[in-house]
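In terms of full-length UniProt numbering, the numbers along the sequence shown are unbroken and rise by one, the last being 71.
Virtual Cβ for every residue (Gly too), placed ideally from N, Cα, C.
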Amino acid sequence: MPELDVRYDFDDELGCASCAQCALNPVEIQPVTSEEQVVSRLLQAQATPLELAREAPLRFLVFTAQTPCWA
Numbered sequence: 001m002p003e004l005d006v007r008y009d010f011d012d013e014l015g016c017a018s019c020a021q022c023a024l025n026p027v028e029i030q031p032v033t034s035e036e037q038v039v040s041r042l043l044q045a046q047a048t049p050l051e052l053a054r055e056a057p058l059r060f061l062v063f064t065a066q067t068p069c070w071a
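Dropping the structure here:
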């Protein structure tokens, strides 16, 4: 339901206002093929600074694989 997907931005002058151009959902789903790929992507994400003016102050990475990477 798109009408429920509303984000708000707090401004000292305006208070809490809906934000049409806020960043997308901080949950990112990534397919992987190996444990090494998971570690590499985690290190890359860790090295990328958050842009707090445009993004949520946290992010989530969910990794999916056809078969378990540790099998």
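At what residue ranges does the region 14-57 contain a whole run of the alpha helix (DSSP H), taking only runs of 4 or more? 35-47
How many Å lie between Gln44 and Val38 at the Cα? Within the sequence shown, numbered from 1, the residue matching residue 44 stands at position 44. Within the sequence shown, numbered from 1, the residue matching residue 38 stands at position 38. Near 10 angstroms, if we compare the C-alpha coordinates of Val38 and Gln44.
Test item: CB-CB of Phe63 and Gln30 under 8 angstroms: For this step, residue 63 is matched to residue 63 along the sequence shown. For this step, residue 30 is matched to residue 30 along the sequence shown. Their beta carbons are under 8 angstroms apart, which means Phe63 touches Gln30 by this criterion.
Between the C-alpha atoms of Glu51 and Val27, what's the straight-line distance to the nearest angstrom? For this step, residue 51 is matched to residue 51 along the sequence shown. For this step, residue 27 is matched to residue 27 along the sequence shown. Straight-line Cα distance between these residues: approximately 15 angstroms.
Helix, strand or coil at Thr64 according to DSSP, with G and I counted as helix: Position 64 of the sequence shown, counting from 1, holds the residue named residue 64. Here Thr64 sits in strand by DSSP.
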